[in-house]
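Scroll down for the structure; my scribbles are underneath it.
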Amino acid sequence: PEPRLAQGAFREALSAVYKILSDGVPLEYTSFGKPNKPTYDFAKEAIEKQAGEHVDVVYGIGDNPHSDIAGANATDGWISVLLKTGVWDGVSEPPFTPDVICEDVNDAVEK
269 PEPRLAQGAF REALSAVYKI LSDGVPLEYT SFGKPNKPTY DFAKEAIEKQ
319 AGEHVDVVYG IGDNPHSDIA GANATDGWIS VLLKTGVWDG VSEPPFTPDV
369 ICEDVNDAVE K
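Given below as structure tokens:
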């Protein structure tokens, strides 16, 4: 897999331009989305609302250790599942240790 440039790359580029144009003043920002805990808390609330009851365990399934696994690991009641089908190459040691590693989504669902 090839590295992806996502929102983090855009934020860094914007911050650099802002700093140049503002005579060295750093850009102040608030991040939302993965791997920030409020995103996972919101997802769990939405799942519980749909289920109509409290849910003890949520599975965070994804292919990006830096966002999917880091976020799930940082949130109580989540089990992180890393897939070998995307960002992570499936060979190197992931930078954030998942609870489970699966070949793909089907493998994750079957486990």
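In the numbering used here, the protein residues as written are 269 to 379. Just so you know, even glycine gets a beta-carbon here, dropped at the ideal spot from N, CA and C. All values reported here derive from a predicted model rather than from experimental measurement.
Query - I369 - containing beta strand (DSSP E), residue span - result: Here residue 369 corresponds to residue number 101 of the sequence shown, with the count starting at 1. Looking at the DSSP string, the run of the beta strand (DSSP E) that includes I369 is 368-370.
Query raised in the report: Distance, Cα to Cα, V368 vs Y286?
Result: Working through the sequence shown from its first residue, we reach residue 368 at position 100. Working through the sequence shown from its first residue, we reach residue 286 at position 18. Going from the Cα of V368 to the Cα of Y286 covers about 40 angstroms.
**Report entry** Pairwise C-alpha distance: A277 and Y297
**Finding:** By one-based count along the sequence shown, residue 297 stands at place 29. By one-based count along the sequence shown, residue 277 stands at place 9. About 14 angstroms.
**Report entry** Exposed unless 16 or more other CB atoms sit within 10 angstroms - verdict on A340
**Finding:** For the purposes of this step, residue 340 is taken as the residue at position 72 of the sequence shown. Buried, by the Cβ-count rule.
Query raised in the report: Near T343, what residues of its chain come up, given a Cβ to Cβ distance below 6 angstroms and the 5 sequence neighbours on each side ignored?
Result: Within the sequence shown, the letter at position 75 stands for residue 343. Counting only Cβ-Cβ distances below 6 angstroms, and skipping sequence neighbours, we find K305, Y308.
**Report entry** Span separating the alpha-carbon of L295 from that of K379
**Finding:** Counted from its first residue, the sequence shown places residue 295 at position 27. Counted from its first residue, the sequence shown places residue 379 at position 111. L295 and K379 have their alpha carbons spaced roughly 44 angstroms apart.
Report task. Entirely within the stretch 328-363 and at least 3 residues each: give me those beta strand (DSSP E) ranges in chain order. Result -> With a minimum length of 3 residues, the continuous beta strand (DSSP E) runs that stay inside the stretch 328-363 are 346-351.
**Report entry** N- and C-terminal bounds of the alpha helix (DSSP H) containing F310
**Finding:** In the sequence shown, residue 310 corresponds to position 42, counting from 1. Residues 305-319.
Query - Assigned exposure category for G345 - 16 Cβ within 10 Å defines buried - result: Numbered from 1 along the sequence shown, position 77 holds the residue referred to as residue 345. Burial call: exposed.
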